[in-house]
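**Q** FYI, in this note's numbering the residues of the sequence shown are 13 to 145.
Supplied in structure tokens, the structure appears directly below.
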Amino acid sequence: MNLAATLGPWAPKVLGITRIVAGLIFLAHGTQKLLGFPPDAAFVPDAGSLPWIAGIIELVAGALIALGLFTRPAAFIASGTMAFAYWIAHAPSSFFPVNNGGDAAILYCFLFLYLSCAGPGAFSVDGARGKAA
């Protein structure tokens, strides 16, 4: 059985679904920081602070990535934000990501870096705009 021939045609669809899920989860981090939803009384960043700015990026970039609108630049900015978050917030407490709680930041960083190179895949506004032009 040739898996590449069998699964290859599904690649754009799976890429699109992965983009949507990652964008929605990233968006949820921004809504929690900025809008208090879902509720988390333990953390409300001060306006203008680095976590507040990260919340804005998470909210806007997450929505754009989920929609597949301006996917490449939004994913590139999100990737850089997660790299910055890892080195500023997680790495100082431990060298090991599993110990410093930064494994999600690393995964987001590299997933969004991949999306910035690969594009949005299926089910995207970017893809629909490209077909109309």
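All C-beta atoms, glycine included, are put in the ideal place defined by N, C-alpha and C.
1. What residue does the alpha helix (DSSP H) around Asn151 start on, and which one ends it?
2. Considering Val56, what are the terminal residues of the alpha helix (DSSP H) in which it resides?
3. May I have the straight-line CA-CA distance separating Gln44 from Phe108, to the nearest angstrom?
4. For a test of the three-state rule: what should DSSP assign to Phe82, helix, strand or coil?
5. Please state whether the Cβ-Cβ distance between Cys121 and Met94 is less than 9 Å.
6. Are the beta-carbon atoms belonging to Ile29 and Phe135 less than 9 Å from one another?
7. Ends of the alpha helix (DSSP H) at His41?
8. Where does the unbroken alpha helix (DSSP H) through Phe122 begin, and where does it stop?
9. Is Gly60 near the ligand GDP, in the sense that its beta carbon is under 8 Å from a heavy atom of that ligand?
**A** Reading off the structure:
1. Outside the shown range of the chain (13 to 145) lies residue 151, about which nothing can therefore be said.
2. Premise fails: Val56 is in no alpha helix (DSSP H) and is neither H nor E.
3. 26 Å
4. coil
5. yes
6. yes
7. Ala23 to Leu47
8. Asp115 to Ala130
9. With respect to the ligand GDP, the structure offers nothing, as it holds no ligand at all.
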